[in-house]
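Chains C and H, in that order, give the protein sequences.
The working numbering numbers the first residue of the first sequence as 1 and each following residue consecutively.
The working numbering numbers the first residue of the second sequence as 1001 and each following residue consecutively.
One structure is given below, encoded as structure tokens.
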Amino acid sequence: MANPHSWRRVVAWALLLALSLGALTGCWDDKSLDTRTLVLAMGFYPARQPGEVAVYFAVPTPAGLTSDSGSSSSGGASGPPLIILQGVGHSIGQAFSAAQASTNRDLYLGHTVFLLFSTKLSPFMLRRLVNALDRIGTLDKTPFVAATSAPFAAVLGTIPQEHFPPLYYEELFSCTTCQQLMLGVRFWQMSDRLWTPGVDLVLPVLKPTRQGPAVDEVALYRNTRYVATLTPKETTAYGIAAGRSRKTSLFFPRLWDANLDFVADKARVSTEVVHGRLQATLAIHATATLESIATATETAGQVARISRRAARLLADEAAAFVRLSQRDDVDALGFGRALAWAQPQVFARYRHWHRVYPHLTVAVRASITVNRLGDLR
Amino acid sequence: MWSPRARHQGAEPQASAVRDSDAEMTSQAHRLAHSLNDTQAVLGAISGVDAALLKQLISQAGALDQELEALTRTLHPTASLDEFPGDIDAVYDRLKSGVGQSPDIIIRRFLMGEKAKIPALLTFVDGLTDTEMIDQDTIMLAQQYDQAFTQGHDPQTIHQVVHDSVIASGHVTTETSWSKLMIKLMGGNTILFLSGTSTALVIDTVKYRARSLTTPTTERSVLGPQEAFNEVVLTQMNLLRMRMKTPNLRFDSLTIGDMSQTTVIVAHVEGLTNPELVAAVKRKLSVAKMASLNVGQELTPLLASRTHSLFPQVRRTERPDVVARELTMGKVAILVDNTPFVMVVPNTLADFYQTLEDYTMSFWGASLERLIRFLGLFLGLLLPPLYIALTSVNPELLPTKLVITIAGSRVGLPLPPVMEVLTMWAIIEILREASLRLPKELSNTLGTVGAIVVGTAIVKAGIVSPLMIVIITLTALGLFTSPNYEMATPWRVLFWFLIALSYLFGLFGIILGLLAILSHLASLENFGVPYLSPFGPYRWRDLKDTLVRFPESALTKRPAYLEPLEVRKSAHWHVDPMPHPQLEQAQREQRNG
Chain C
1 MANPHSWRRV VAWALLLALS LGALTGCWDD KSLDTRTLVL AMGFYPARQP GEVAVYFAVP
61 TPAGLTSDSG SSSSGGASGP PLIILQGVGH SIGQAFSAAQ ASTNRDLYLG HTVFLLFSTK
121 LSPFMLRRLV NALDRIGTLD KTPFVAATSA PFAAVLGTIP QEHFPPLYYE ELFSCTTCQQ
181 LMLGVRFWQM SDRLWTPGVD LVLPVLKPTR QGPAVDEVAL YRNTRYVATL TPKETTAYGI
241 AAGRSRKTSL FFPRLWDANL DFVADKARVS TEVVHGRLQA TLAIHATATL ESIATATETA
301 GQVARISRRA ARLLADEAAA FVRLSQRDDV DALGFGRALA WAQPQVFARY RHWHRVYPHL
361 TVAVRASITV NRLGDLR
Chain H
1001 MWSPRARHQG AEPQASAVRD SDAEMTSQAH RLAHSLNDTQ AVLGAISGVD AALLKQLISQ
1061 AGALDQELEA LTRTLHPTAS LDEFPGDIDA VYDRLKSGVG QSPDIIIRRF LMGEKAKIPA
1121 LLTFVDGLTD TEMIDQDTIM LAQQYDQAFT QGHDPQTIHQ VVHDSVIASG HVTTETSWSK
1181 LMIKLMGGNT ILFLSGTSTA LVIDTVKYRA RSLTTPTTER SVLGPQEAFN EVVLTQMNLL
1241 RMRMKTPNLR FDSLTIGDMS QTTVIVAHVE GLTNPELVAA VKRKLSVAKM ASLNVGQELT
1301 PLLASRTHSL FPQVRRTERP DVVARELTMG KVAILVDNTP FVMVVPNTLA DFYQTLEDYT
1361 MSFWGASLER LIRFLGLFLG LLLPPLYIAL TSVNPELLPT KLVITIAGSR VGLPLPPVME
1421 VLTMWAIIEI LREASLRLPK ELSNTLGTVG AIVVGTAIVK AGIVSPLMIV IITLTALGLF
1481 TSPNYEMATP WRVLFWFLIA LSYLFGLFGI ILGLLAILSH LASLENFGVP YLSPFGPYRW
1541 RDLKDTLVRF PESALTKRPA YLEPLEVRKS AHWHVDPMPH PQLEQAQREQ RNG
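Here it is in structure tokens:
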């Protein structure tokens, strides 16, 4: 016969387990995928009324979902694959509620892959938006972020090759005109730059064109204030200075028509106090491949000359960007953050880093390693 | 006690007295007539009696009377009822009134020796015995034999002579106990009683109607042997002996079941298997008290340490090669008469995922197959719960494109994911059960038709999504990747458990469920061997033959958890390449031109 005490213990444990499981409220309030509307992208624009924000939600329709998965169980619904819902309010919550009213299913932010911020958003509104988005539990913090001055629908409408345009930005933030520079910024990186002193926000700018979205410019922000949009050439310089350059080509017509192909470059920023003065260093190192040369076979001396020339060119480009950022007072490379990491007490003395940064002495050094592809004879 | 013989012996003087005295006879006749009148009056008073019932009652009373008479005749002042008294008439009466009433029991009386003519009786069960052996090797020889009986009629001498010189059967024993004789008789032996001797001869004339050896149906093998056990325990032993010719292979016999008297054999290799293990198995089996042991599976509760556990702790196999291999590893096999599946103990979880097929191919192929088995298990067990958890509770954990695909496949479906899974799994279980019960030809058709028709129709009807068909198909296949059929059952039950947890608590529930299963597995042990061995406790030596199979050269020792007396199984496989002298000479000459 079983020991009654052991049975009591088993029952007690079972009850405790049941109560513990019942207390897991995070599980009970979840809803099935069937009862949700997936929000694939969100756009944030200033509303007509001051102090309000217009939030756009790009959601797939049942017809779009069915045609995408090839399922026939819906009976062949027709219509656009994606619709855009709009909500206006003083906060994201209000805008969300307004947009929710236009659909009978829960708007679900767990699969939002793209966030678009208008460059016309006020600094105050941008701060509130990022703060609020940071606090939404269901929102994934890894979607790509971009700035634009174009309407939300126009940006999404320029990606013809995707059934659902927001998915274009799901994995690799790239486009036909921007593959040389890794300009993609994820939401957590944006949030990190906004709340970290000593570094400013840089967002890629999306421009709708007939060939698709063009991402060859970046928008500079001082804290949460939009400052300027760089030209494509300045953006390339930013890419080199920030170590985001990929597949960039350098051509040297005076050096045997040598053509160098960047594989990648790395940039290291350091700031320190030397003899009572702030000194910053930007060290760039690149790896390149000698793609072609007029002599067909290069010598070690030729490679050395090409390397020196390429390094000087990279340093000049990076220095130009540093001067530009100092002019606009946007610490895009994070010299202040480097100081805060290395000497936090010193950095704490500079309450307003933006007053210091334009006058910072920055030394730019560049080096390049040229890999030879081998003899072509 | 009332005795017909006593009555008969005492009636003669009484009759002569009656003849002497008419008055006394008249008074007795009067008493008898009076008694008859009383009986008639009593019978007349009884009304509504069923004549057939009365007839049956009288018949049964007659049989009982006959049996009582036989018993009484066998009674001897110094002998017990269980002993054979040496009186052929008494034996005949006792047999005829007892087991002999059954039509399959043959009782044959004859006279032994052409001149001596000693009364003898022979009995056997028709159908279980080799009648040729009885006719030619026993009765004929006994009737014709004459030499010994001319020398005298000492019963013991006759008995010895019959045992040594007359009976031509290979296996003859003697027995005095009536109860043991009856059991041997029912087992197919022929019992020979000789007048005047207190012991009977038990002649082994057993000839079972055995099913021929067939190919294994539950554990198929491509490259391995194609032989399975049948129901006869003797054949099972023979099949093992064929594979293990060592004299150390021991078959210890037990009899279980008061009525069935089923033979149970405990097989082990002496000098290799841990004696404590053998003793423990025998001890556990010896406490079996049951009226009838029909199938060996009835013994599994005795052999399992946790009888209510879902997981099998006793491995049953119909393959003699598997049993032989397990015996050489140091395990104990239990053979049960009338059961074509032999039980092997002790076992670990990994044992149920090993087959002999693994040792018929290269270790690469064997390792791949084992990994696929475990992959199948995890897919089968976790795919539907994961589907439910990721579509109902934690959709944020899926990649966006997959979510869109799933959401697209679910557009317009009336059932939530959990009901979708339950519907499909119910259909699969019904199909499976129906295919098991139907004849083989029909079951194949049913399985195919069911899978195609139901699968296609249910998607077309918009009840489940096409993705669900893929998931359930993988589940149904995955749960049966275990080479051991009975290992599929616990996972099929736990599948429902995980479905419920995933629906209620999502991924957290699945993790919780898996932890609970793991805890239970870790708590199991069989004959002191942890069920999760060699993973817990960790034993590197035994790990070489679990998830993957190392090359034979690495598997030179027996499993440590069995604690065998002889640890080393084989020598290290260091083969020195020896060039062929003639071939090398020819090649050298060819090179030199």
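All C-beta atoms, glycine included, are put in the ideal place defined by N, C-alpha and C.
CB contact flag (residue i, residue j, <8 Å)
i: A1333/H; j: M1343/H; result: yes
i: I1158/H; j: L1181/H; result: no
i: L33/C; j: R1410/H; result: yes
i: L1664/H; j: K1284/H; result: No answer is possible for residue 1664/H: it lies beyond the span of chain H, which begins at 1001 and ends at 1593.
i: D316/C; j: H285/C; result: no
i: Q189/C; j: R246/C; result: no
i: G942/H; j: G1412/H; result: With chain H covering only 1001 through 1593, there is no way to say anything about residue 942/H.
i: V1336/H; j: G1380/H; result: no
i: F164/C; j: G43/C; result: no
i: L1507/H; j: N1394/H; result: yes
i: L129/C; j: V53/C; result: yes
i: L1232/H; j: D1252/H; result: For the record, residue 1232/H in the displayed sequence is Val; it is not Leu. The answer is no: Cβ separation not under 8 Å.
i: I1256/H; j: A1389/H; result: no
i: S1309/H; j: L1524/H; result: yes
i: K1331/H; j: L1543/H; result: no
i: P1417/H; j: S1392/H; result: yes
i: F187/C; j: P123/C; result: no
Interface residues of chain H facing residue i [CB-CB closer than 8 Å]
i: V113/C; result: T1400
i: S32/C; result: T1391, S1392, P1416, P1417
i: G110/C; result: P1395, E1396
Under the three-state DSSP convention, the category residue i falls into
i: N371/C; result: strand
i: M1001/H; result: Per-residue confidence for M1001/H stands at a pLDDT of 34, beneath the threshold of 50, marking its modelled position as unreliable; the derived number appears in the next sentence. In this structure, M1001/H counts as coil in the three-state DSSP scheme.
i: V303/C; result: helix
i: G75/C; result: Residue placement at G75/C cannot be trusted, given a pLDDT of 48 that sits under 50; what the coordinates show is reported in the next sentence. Coil, per DSSP.
i: E1584/H; result: helix
i: M42/C; result: strand
i: Q100/C; result: helix
i: V202/C; result: strand
i: Y350/C; result: coil
i: E298/C; result: coil
Interface partners of residue i on chain H, CB under 9 Å
i: L38/C; result: P1395, T1400, V1403, I1404, A1407
i: L167/C; result: T1400, K1401, I1404
Own chain partners of residue i with C-beta closer than 7 Å, once the 5 adjacent residues on each side are dropped
i: M1133/H; result: S1169, T1205
i: D329/C; result: R222, H354, Y357, P358
i: R1325/H; result: L1356
i: A98/C; result: G87, V88, G89
i: P1320/H; result: E1227, F1229, L1239, L1240, R1243
i: Y1485/H; result: T1218
i: V199/C; result: R193, D331, G334, G336, R337
Partner residues on chain H for residue i, Cβ-Cβ distance less than 7 Å
i: P208/C; result: Neighbours of P208/C on chain H: none; closest Cβ ~22 Å, over 7 Å.
i: T138/C; result: E1396
i: P62/C; result: V1411
Within chain C, partners of residue i - CB distance below 8 Å
i: P1320/H; result: By Cβ distance, chain C contributes nothing, its closest Cβ being about 40 Å from P1320/H, past 8 Å.
C-beta neighbour in chain D for residue i, strict 8 Å
i: F164/C; result: The structure shown contains no chain D; its protein chains are C and H.
Contact set between residue i and chain C, taken where Cβ atoms lie within less than 7 Å
i: V1287/H; result: What V1287/H touches in chain C: nothing, since even the nearest Cβ is about 18 Å away.
i: V1314/H; result: Those do not exist, as V1314/H stays about 23 Å from chain C at its closest Cβ, beyond 7 Å.
Proximal residues to residue i (C-beta, below 8 Å), its chain only, five neighbours per side dropped
i: T1246/H; result: V1269
i: T287/C; result: F262, V263, A264, D265, I368, T369, N371
i: F1341/H; result: F1229, G1296, Q1297, R1316, T1317, E1318
i: A153/C; result: Y56, I84
Cutoff 6 Å; reference residue i; Cβ partners in own chain excluding five residues on either side
i: L1431/H; result: G1450
i: P1385/H; result: L1498, I1499, S1502, I1510
i: P1346/H; result: N1526, F1527, V1529
Are the segment 1547-1558 of chain H and the segment 1582-1591 of chain H in contact at 8 Å, needing three or more beta carbon pairs?
-> Under the 8 Å Cβ criterion, the segment 1547-1558 of chain H does not count as touching the segment 1582-1591 of chain H, having fewer than three qualifying pairs.
Check whether the segment 325-345 of chain C touches the segment 219-236 of chain C, counting contact only when three or more Cβ pairs, one atom from each stretch, lie closer than 8 Å.
-> Yes: at least three Cβ pairs fall under 8 Å.
Are the segment 136-155 of chain C and the segment 233-246 of chain C touching by the rule of at least three beta carbon pairs closer than 8 Å?
-> In short, these stretches do not touch, since the Cβ pair count stays below three.
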